[in-house]
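Heads up, the sequence shown is in UniProt numbering, so the first residue is 1 and it goes up one at a time. Here a beta-carbon is modelled for each residue, glycine too, at the ideal position from N, C-alpha and C. The block underneath contains the structure these notes are about, expressed in structure tokens.
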Amino acid sequence: MNSKPTPIRSGNYKTNNQSSQGNNGARRRLRIWMLFMVLFLGWAMYTFIMQSIHLAEKKEELTQHQVQKQQADAAFAQSQSEVKRLEDPEYIGQVARKQYGMYLPGETPIWATEATDSK
């Protein structure tokens, strides 16, 4: 009796037990990947928020410094104008008369007094 030879099949067929072991490995890799992504995104969000807070603080500090600079520039401009005015002999004479009561020779000061109401 000649029997037909049975074809030899390759090991491509898996039993139920082998299939579930492959899925467990894939699930484990997926969990590890998801954990890594959650940790990375958490770190990225923390860094973004901390940098935003730091940037807001620096903007506030910059605004304060700009206000101080504007005040210093205004004071400097006022000082410069005062220096230019002090170079004028007429202005120096006015300051001497008002603040120090000094007058030129032959100049007679006139003092104004308040009029009293007499009815």
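{"Item": "Local conformation of residue 47 per DSSP, three classes", "Value": "helix"}
{"Item": "Span of the alpha helix (DSSP H) around residue 96", "Value": "89-100"}
{"Item": "Whole-number beta carbon distance between residue 97 and residue 91, since they are thought to touch under 8 Å", "Value": "About 11 Å; that fails the 8 Å criterion."}
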